[in-house]
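Trainee: Residues 165 to 437 (the numbering used here) make up the sequence shown, in order. Glycine is no exception: its CB is placed at the ideal position from the N, C-alpha and C atoms.
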Amino acid sequence: MQPGPIGVFDSGYGGLTVLKEFVKKLPQYDYFYLGDNARAPYGSRSFDTVYEYTFECVNRLFAEGCHLVILACNTSSAKALRTIQQKDLHHFDSIKRVLGVIRPTTEIVKEYTKTNHVGIFATSGTVSSQSYPIEINKLYPEVIVHQEACPMWVPLVENNEITNSGADYFIQKHVDALLSKSDDIDTIILGCTHYPILLNQLRKFVPEQIKIISQGEIVANSLQDYLLRHNELETICSKNSQVSFYTTDFPDNFDKGASIFWGTEVNSKHILL
Ligand code: DGL
Numbered sequence: 165m166q167p168g169p170i171g172v173f174d175s176g177y178g179g180l181t182v183l184k185e186f187v188k189k190l191p192q193y194d195y196f197y198l199g200d201n202a203r204a205p206y207g208s209r210s211f212d213t214v215y216e217y218t219f220e221c222v223n224r225l226f227a228e229g230c231h232l233v234i235l236a237c238n239t240s241s242a243k244a245l246r247t248i249q250q251k252d253l254h255h256f257d258s259i260k261r262v263l264g265v266i267r268p269t270t271e272i273v274k275e276y277t278k279t280n281h282v283g284i285f286a287t288s289g290t291v292s293s294q295s296y297p298i299e300i301n302k303l304y305p306e307v308i309v310h311q312e313a314c315p316m317w318v319p320l321v322e323n324n325e326i327t328n329s330g331a332d333y334f335i336q337k338h339v340d341a342l343l344s345k346s347d348d349i350d351t352i353i354l355g356c357t358h359y360p361i362l363l364n365q366l367r368k369f370v371p372e373q374i375k376i377i378s379q380g381e382i383v384a385n386s387l388q389d390y391l392l393r394h395n396e397l398e399t400i401c402s403k404n405s406q407v408s409f410y411t412t413d414f415p416d417n418f419d420k421g422a423s424i425f426w427g428t429e430v431n432s433k434h435i436l437l
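#1: Pull the bridge partners of residue 261 from the DSSP assignment, please.
#2: Is DSSP giving residue 225 helix, strand or coil here?
#3: Alpha carbon to alpha carbon, how far is residue 373 from residue 380? Give it in angstroms, no decimals.
#4: From the DSSP secondary-structure annotation, give me the bridge partner or partners of residue 294.
#5: So what does DSSP say about residue 409, is it helix, strand or coil?
#6: According to the neighbour-count rule (16 or more other Cβ atoms, all chains shown, within 10 Å of its Cβ), is residue 295 buried or exposed?
#7: Give the straight-line distance between the Cα atoms of residue 179 and residue 224, rounded to the nearest whole angstrom.
#8: Can you give me the Cβ contacts of residue 384 inside the same chain, cut-off strictly under 6 angstroms, excluding the 5 residues immediately before and after it?
#9: Leaving out the 5 sequence neighbours to the left and right, which residues in its chain are closer than 6 angstroms to residue 234 when beta-carbon positions are compared?
#10: Quick check on residue 269: buried or exposed, where buried means 16 or more other Cβ atoms within 10 Å of its Cβ?
#11: Go to residue 286, then tell me how far its beta strand (DSSP E) extends in each direction, as first and last residue.
#12: In the structure shown, what three-state DSSP assignment does residue 351 receive?
#13: Distance check for residue 329 and residue 437, CA to CA, integer angstroms please.
#14: Are the beta-carbon atoms of residue 244 and residue 215 separated by less than 7 angstroms?
#15: Are the CB atoms of residue 432 and residue 419 within a distance shorter than 7 angstroms?
#16: Helix, strand or coil: how does DSSP classify residue 188 here?
#17: With a threshold of 8 angstroms, are at least 3 pairs of Cβ atoms found where one atom belongs to the segment 247-257 and the other to the segment 274-294?
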């Protein structure tokens, strides 16, 4: 079987925060990033729509030769992953796999919280799916999960509007709302891959003693572990250290937005689904 890159999918820019950590931790592999910027944000869309969009993108990544696809998007992981794994995967080559970002994140919660009160910032879709409380409580029933949906944060990132005072207003509003749910929250998970881009702004409003957890490194560790345990898949992940970027919207826009937090210039190509 022809080796292929690892597919990394997000509704837009957010998955780059995960891809960055993949490249840091596992630089030997090739990565094929697909941002569905033309249809972002996904966060307030229905289950059916998120599933339909996500599946279309996964299908495209498989057609591009990826054998393993990571949904570097919590909304897709919450609303589409299970259906794809259970209903769709068997229509493809039996080696193909799709993984999400929620499970690995929930597994490490106890390494951070001492009070057993954990806050989650996520999109409306991820919050309403209840994926975080369900998954965390399966592993740690004693942990109380407080959620806050932040519907404006992804549009702020997608439109490169994160450093102005208007952004601060929406950031503080949701920080205050989450922290008003309990005085005992000592750990906050950024349950949306776009949110690490807001980390500096968030730090202005979240008290210092509260830990803020981004998912990138956690998901990268989990991918490393997965590849070690699945040799048959690992051997067909191509290894030329190449990263390619594709967007469903205008590449010029993507390159401008993406370069800001990728750190170096990004040269994306347009992809038709
Ligand atoms: N990065 C996606 C997530 O992790 C953002 C969802 C959206 O497009 O609203 O949920």
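Mentor: Taking the coordinates as given:
#1: For the purposes of this step, residue 261 is taken as residue 97 along the sequence shown, with counting starting at 1. Paired residue(s): 232.
#2: The residue you call residue 225 lines up with position 61 of the sequence shown. DSSP places residue 225 in helix when its eight states are reduced to three.
#3: Taking the first residue of the sequence shown as position 1, residue 380 is located at position 216. Taking the first residue of the sequence shown as position 1, residue 373 is located at position 209. Roughly 21 angstroms between the two C-alpha positions.
#4: As a working note, residue 294 is residue 130 in the sequence shown. Bridge partners of residue 294: none, in fact.
#5: In the sequence shown, the residue the question calls residue 409 occupies position 245. Here residue 409 sits in strand by DSSP.
#6: In the sequence shown, counting from the first residue as 1, residue 295 sits at position 131. Classification for residue 295: buried.
#7: Start at 1 with the first residue of the sequence shown, and residue 179 comes out as number 15. Start at 1 with the first residue of the sequence shown, and residue 224 comes out as number 60. Whole-angstrom Cα-Cα distance: 17 angstroms.
#8: Working through the sequence shown from its first residue, we reach residue 384 at position 220. 185, 186, 189.
#9: Within the sequence shown, residue 234 is the residue found at index 70, counting from 1. Taken in chain order, the residues that qualify are 172, 263.
#10: Residue numbering aside, residue 269 sits at position 105 when the sequence shown is read from its first letter. Its Cβ being crowded by 16 or more others within 10 Å, residue 269 is buried.
#11: By one-based count along the sequence shown, residue 286 stands at place 122. Its beta strand (DSSP E) spans residues 281-286.
#12: Residue mapping note: residue 351 aligns to position 187 of the sequence shown, counting from 1. The answer is strand: DSSP assigns residue 351 an E or B state.
#13: In the sequence shown, the residue the question calls residue 437 occupies position 273. In the sequence shown, the residue the question calls residue 329 occupies position 165. Cα to Cα, the separation comes out at about 37 angstroms.
#14: Reading the sequence shown from its first residue, position 80 is the one you call residue 244. Reading the sequence shown from its first residue, position 51 is the one you call residue 215. Yes, these two residues count as a Cβ contact at 7 angstroms.
#15: Numbered from 1 along the sequence shown, position 255 holds the residue referred to as residue 419. Numbered from 1 along the sequence shown, position 268 holds the residue referred to as residue 432. Cβ atoms of residue 419 and residue 432: closer than 7 angstroms.
#16: Position 24 of the sequence shown, counted from the first residue, corresponds to residue 188. Looking at residue 188 - three-state DSSP - the assignment turns out to be helix.
#17: no
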